[in-house]
């Protein structure tokens with residue numbers, strides 16, 4: 012995958028296509044490769060934007076869900092995007108929700124959550140590995156998916172490299188703890204934007220009951236489950252994921268029928 016990484020001020024990001032911005036926020040171990048099928052499909056219809064979230068670059072004091080939400084706020088303001096469809100996977104969904112709840116931004120047109128934290132998650136932090144335990148990291152990465160074969164050597168190597176760095180591990184634990192502390196249960200009713208929830212029926216990290224709870228608490232939300240799918244539907248079942256998302260975005264742009 013070869014996308015040009017652009018830079019404006021401190022922000023590094025990918026921007027492909029034209030149209031209403033579809034801004035993608037990745038999770039704690041997320042990488043650009045997670046979104047490749049989604050970028051390729053939606054750049055025909057939207058301006059697809061992936062900001063590089065500084066998950067492991069912020070100072071430890073600001074390494075939190077709130078710190079990342081402020082970063083997203085500044086990024087969207089700096090780029091001057093309007094009519095934004097904000098899509099977040101895992102921790103990225105949580106960051107997007109905090110940003111919307113805290114800032115009530117008029118430029119956000121819709122929210123898309125997939126395997127989002129914010130209510131409950133089985134984290135990496137439950138039994139943190141000794142550094143250098145490759146087999147443990149491989150099993151944990153496989154646990155993210157319904158099909159363990161999705162945890163390619165390349166993906167496992169990526170996660171292993173992060174967890175093999177002491178400072179990065181401290182920051183991952185700080186973010187994981189911040190996500191658990193920052194429970195949004197009571198605040199989700201403030202969300203006004205149409206919200207799409209796409210969930211894997213076999214998600215071990217944020218199980219299906221979490222999706223049902225989001226659906227209950229976010230007023231204008233709709234929920235779609237995908238079978239034989241884990242915590243990252245946009246990676247594991249991209250065709251189904253893209254079809255559900257495309258239908259949702261098209262419906263938002265259809266003029267309301269007059270009765």
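Residue numbers (my numbering): 12 to 270.
All C-beta atoms, glycine included, are put in the ideal place defined by N, C-alpha and C.
- Cβ contact annotation for residue 17 (same chain, cutoff 8 Å, sequence separation greater than five): 23, 24, 25, 26, in chain order.
- No residue range can be given for residue 116, since it is assigned to no beta strand (DSSP E) and is classified by DSSP as neither H nor E.
- For residue 232, the uninterrupted beta strand (DSSP E) run begins and ends at 232-237, by DSSP.
- According to the DSSP assignment, residue 186 belongs to the alpha helix (DSSP H) that extends over 177-192.
- A residue is called buried when at least 16 other Cβ atoms come within 10 angstroms of its Cβ; residue 220 does not meet this threshold and is exposed.
- When the beta-carbon positions are compared, residue 39 and residue 187 come within less than 9 Å of each other.
- Contact between residue 241 and residue 156 holds: CB atoms are separated by about 4 Å, below the 8 Å threshold.
- In the pairwise beta carbon analysis, the segment 173-184 is classified as not touching the segment 203-212: fewer than three pairs are separated by under 8 Å.
- In the three-state DSSP reduction, residue 209 falls in the strand class (E or B).
- Nearest to residue 90 by C-alpha distance, out of 126, 79, 118, is 118.
- Secondary structure within the segment 17-78: the beta strand (DSSP E) runs of 3 or more consecutive residues, fully enclosed, are 17-19, 22-27, 32-36, 58-62 (chain order).
- In this structure, the straight-line span from the alpha carbon of residue 185 to that of residue 122 is close to 26 Å.
- In the three-state scheme derived from DSSP, where H, G and I count as helix and E and B as strand, residue 203 is classed as coil.
- Checking the DSSP bridge columns, you'll see residue 257 has no partner listed.
- A straight-line Cα-Cα distance of about 4 Å links residue 57 and residue 30.
- In this structure, the beta-carbon distance from residue 125 to residue 243 falls below 9 Å.
- Separation of the CB atoms of residue 127 and residue 105 is rounded to 6 Å, and the pair is thereby assigned contact status at 8 Å.
- CA-to-CA, the gap between residue 80 and residue 165 works out to about 29 Å.
- Counting only residues of its own chain and dropping the five nearest sequence neighbours on each side, residue 114 has a CB closer than 6 Å to the CB of 84.
- Counting along the chain, the unbroken beta strand (DSSP E) around residue 97 starts and ends at 95-100.
- In this structure, the beta-carbon distance from residue 130 to residue 225 falls below 9 Å.
- Between the alpha carbons of residue 217 and residue 19 lies a gap of roughly 34 Å.
- With fewer than 16 other Cβ atoms from the protein chains shown falling within 10 Å of its own Cβ, residue 73 counts as exposed.
- A Cβ-Cβ separation of about 13 Å leaves residue 107 out of contact with residue 193 under the 8 Å criterion.
- By the beta-carbon neighbour count (other beta carbons within 10 angstroms, threshold 16), residue 231 is exposed.
- Shown here, residue 148 sits in a helix according to DSSP, grouped into three states.
- Residue pairing of residue 125 in beta bridges, as defined by DSSP: 100.
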